[in-house]
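*Asks:* In the working numbering, the protein residues as written are 92 to 428. We put the beta carbon where it would ideally sit given N, CA and C, even for glycine.
1) Expressed to the nearest angstrom, what Euclidean distance is found between the alpha-carbon atoms of residue 321 and residue 342?
2) Would you grab the beta carbon distance between residue 374 and residue 386 for me? Rounded to a whole angstrom, and I think it's under 8 Å.
3) Nearest to residue 393 by CA position, among 117, 349 and 377, is which residue?
4) Does the distance from the C-beta atom of residue 351 to that of residue 129 stay below 8 Å?
5) Between the segment 411-418 and the segment 168-176, do at least 3 Cβ pairs fall closer than 8 Å?
6) For residue 164, I'd like the list of residues in its chain whose CB is within less than 6 Å of its CB, leaving aside the five on either flank, ordered along the chain.
7) Can residue 370 and residue 376 be called in contact, C-beta distance under 8 Å?
8) What residues match up with residue 331 in a beta bridge as DSSP calls it?
9) Please identify the residue among 344, 156 and 364 whose C-alpha is closest to the C-alpha of residue 383.
10) Among residues of its own chain, excluding the 5 on either side of residue 407, which ones have a beta-carbon nearer than 6 Å to its beta-carbon?
11) Specify the secondary structure class of residue 407 as computed by DSSP and reduced to three states.
12) Would you call residue 357 buried or exposed, if buried means 16 or more other Cβ atoms sit within 10 Å of its Cβ?
13) Taking 8 Å as the threshold (C-beta atoms), are residue 381 and residue 345 in contact?
14) Could you check which residue in 335, 368 and 158 has the C-alpha nearest to that of residue 401?
15) With C-beta atoms as the reference, is residue 135 less than 8 Å away from residue 144?
16) I believe residue 311 touches residue 324 by the beta-carbon criterion, under 8 Å. Please report the beta-carbon distance rounded to the nearest angstrom.
17) How many angstroms separate the CA atom of residue 410 from the CA atom of residue 142?
18) For residue 329 and residue 337, I'd like the C-alpha separation in whole angstroms.
19) The beta strand (DSSP E) spanning residue 350 covers which residue range?
20) Restricting to Cα atoms, I'd like to know which of 117, 404 and 140 is closest to residue 332.
21) Taking 8 Å as the cut-off, decide whether the C-beta atoms of residue 327 and residue 391 are in contact.
22) Roughly how many angstroms lie between the CA atoms of residue 302 and residue 368, to the nearest whole one?
23) Tell me the DSSP bridge mates of residue 342?
24) Mind checking residue 315: buried by the 16 CB within 10 Å criterion, or exposed?
25) Confirm, please, whether the CB-CB distance from residue 159 to residue 113 is below 8 Å.
26) Over what stretch of residues does the alpha helix (DSSP H) that includes residue 148 continue unbroken?
27) Grab me the residues of residue 354's own chain with a C-beta within less than 8 Å of its C-beta, minus the 5 sequence neighbours each way, in chain order.
28) Sort out for me which residues DSSP pairs residue 371 with in a bridge.
29) Can you grab the Cα-Cα spacing for the pair residue 162 / residue 147, in whole Å?
30) Pop quiz: residue 156 and residue 137 are said to be a contact at Cβ under 8 Å. What is the actual Cβ separation, rounded to whole angstroms?
31) Taking the DSSP output, what are the residues bridged to residue 387?
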């Protein structure tokens, strides 16, 4: 009960409520979110239902997938993180995980039609990005004024809002340093295109598609999310060990690949191995999911994905195949691409 009271007292419900609202407006299913980001369906179920605070990169990826501005969501996340660090006063507040008639995100939400849909209507295929949206009725007319989590954010004390803005500015500066693309600076990777304040590939105001931020060797050691290589990605190889899924993720546009490990343990490592001994890896720090930086991959068969487990075992996929693996079945014995 203490954990639930603390989550209700912190800003996690406000952030999760805004995430649920944006997801509802976009029509994305949990499976679609998992495909468009590098976080699993089970992770998104926890984030959307205020069971865990999503990491900053997950918030940025969510904003990119739903077409929302990441800055307001990052400010909400900053408030939630700071309020979690405050000492618990012991006040017994009622949990606010689901408010204002919102429905919690279900782990079984894989993109089916609404309950009132005709039984003859088949749900859209889950493996076609353009059909990742669930059928839904037109949204009600917009109410005057600002309501919901954003209204509560505006009612926060001025000092807290200033701190939130400062936090976003610091994140923007750090992202610029990491990518070597601060305003007026030189391009560290020599690639075309621009990167915005949170490290995403710049898109026009009309949302027109942009070229990937790197190709081939330029992608080595880079984050696929930040350089747009996750767009059009597919799973080229897969293995499952004791419930943990190890996927080789391949981007034809970037000609690069990376390892994604889900449903594993904190401390396990996602590792991708390319040609000539080139490899990149990243350890799981929370939630049981992570993905590695990229290595160049002229074709899927040039790379493989591995997981380094805490017990010392190394589990690897076969070399990548030339076509995407099928989407996951309902029992999740195979992860979708």
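*Replies:* Straight from the coordinates:
1) Residue numbering aside, residue 321 sits at position 230 when the chain shown is read from its first letter. Residue numbering aside, residue 342 sits at position 251 when the chain shown is read from its first letter. Rounded to whole angstroms, residue 321 to residue 342 spans 7 Å at the Cα level.
2) On the chain shown, residue 374 is found 283 positions in, with the first residue counted as 1. On the chain shown, residue 386 is found 295 positions in, with the first residue counted as 1. Wrong, their Cβ atoms sit about 17 Å apart, outside the cutoff.
3) Indexing the chain shown from 1 puts residue 393 at position 302. Among 117, 349 and 377, the Cα nearest to that of residue 393 belongs to 349.
4) Taking the chain shown and counting its residues from 1, the one referred to as residue 351 is at position 260. Taking the chain shown and counting its residues from 1, the one referred to as residue 129 is at position 38. Closer than 8 Å, so yes.
5) By the criterion of at least three beta-carbon pairs nearer than 8 Å, the segment 411-418 is not in contact with the segment 168-176.
6) The residue you call residue 164 lines up with position 73 of the chain shown. Counting only Cβ-Cβ distances below 6 Å, and skipping sequence neighbours, we find 150 and 154.
7) For this step, residue 370 is matched to residue 279 along the chain shown. For this step, residue 376 is matched to residue 285 along the chain shown. Contact flag unset, no.
8) Position 240 of the chain shown holds residue 331. Residue 331 pairs with 336.
9) Counted from its first residue, the chain shown places residue 383 at position 292. Among 344, 156 and 364, the Cα nearest to that of residue 383 belongs to 364.
10) By one-based count along the chain shown, residue 407 stands at place 316. Within the same chain, residue 407 has close Cβ partners 395 and 397.
11) Mapped onto the chain shown, residue 407 falls at position 316. In this structure, residue 407 counts as strand in the three-state DSSP scheme.
12) Translated into the one-based positions of the chain shown, residue 357 becomes position 266. Flag for residue 357 reads exposed.
13) For this step, residue 345 is matched to residue 254 along the chain shown. For this step, residue 381 is matched to residue 290 along the chain shown. The criterion of a C-beta distance shorter than 8 Å is not satisfied by residue 345 and residue 381.
14) In the chain shown, counting from the first residue as 1, residue 401 sits at position 310. For the residues 335, 368 and 158, the minimum Cα distance to residue 401 belongs to 335.
15) The count along the chain shown starts at 1 and reaches residue 135 at position 44. The count along the chain shown starts at 1 and reaches residue 144 at position 53. Taking 8 Å as the Cβ cut-off, residue 135 and residue 144 do not qualify as a contacting pair.
16) Counted from its first residue, the chain shown places residue 311 at position 220. Counted from its first residue, the chain shown places residue 324 at position 233. Not a contact, Cβ separation roughly 17 Å.
17) Along the chain shown, read from residue 1 onward, the residue named residue 410 stands at position 319. Along the chain shown, read from residue 1 onward, the residue named residue 142 stands at position 51. About 36 Å.
18) Reading the chain shown from its first residue, position 238 is the one you call residue 329. Reading the chain shown from its first residue, position 246 is the one you call residue 337. If you take the alpha carbons of residue 329 and residue 337, they lie about 6 Å apart.
19) Indexing the chain shown from 1 puts residue 350 at position 259. 347-353 is the span of the beta strand (DSSP E), which, as asked, contains residue 350.
20) To locate residue 332, count along the chain shown from 1; it is residue 241. Comparing Cα positions, the closest option is 404.
21) As a first step, residue 327 is located in the chain shown; it is residue number 236 there, counting from the start. As a first step, residue 391 is located in the chain shown; it is residue number 300 there, counting from the start. For residue 327 and residue 391, yes; Cβs fall inside 8 Å.
22) Translated into the one-based positions of the chain shown, residue 302 becomes position 211. Translated into the one-based positions of the chain shown, residue 368 becomes position 277. So the alpha carbons of these two residues sit roughly 28 Å apart.
23) Translated into the one-based positions of the chain shown, residue 342 becomes position 251. Residue 342 pairs with 347.
24) Walking along the chain shown from the start, residue 315 turns up at place 224. Residue 315 is buried by the Cβ-count criterion.
25) In the chain shown, the residue the question calls residue 113 occupies position 22. In the chain shown, the residue the question calls residue 159 occupies position 68. For residue 113 and residue 159, yes; Cβs fall inside 8 Å.
26) Here residue 148 refers to the residue found at position 57 when the chain shown is read from its first residue. Here the alpha helix (DSSP H) through residue 148 covers 147-157.
27) Within the chain shown, the letter at position 263 stands for residue 354. Cβ within range, chain order: 131, 133, 334, 335, 336, 379 and 380.
28) Here residue 371 refers to the residue found at position 280 when the chain shown is read from its first residue. Looking at the DSSP assignment, residue 371 forms a beta bridge with 363.
29) Reading the chain shown from its first residue, position 71 is the one you call residue 162. Reading the chain shown from its first residue, position 56 is the one you call residue 147. Between residue 162 and residue 147, the C-alpha separation is close to 11 Å.
30) Residue mapping note: residue 156 aligns to position 65 of the chain shown, counting from 1. Residue mapping note: residue 137 aligns to position 46 of the chain shown, counting from 1. About 17 Å separates the CB atoms of residue 156 and residue 137; that is not less than 8 Å, and the two are not in contact.
31) Start at 1 with the first residue of the chain shown, and residue 387 comes out as number 296. Residue pairing from DSSP places residue 387 in a beta bridge opposite 347.
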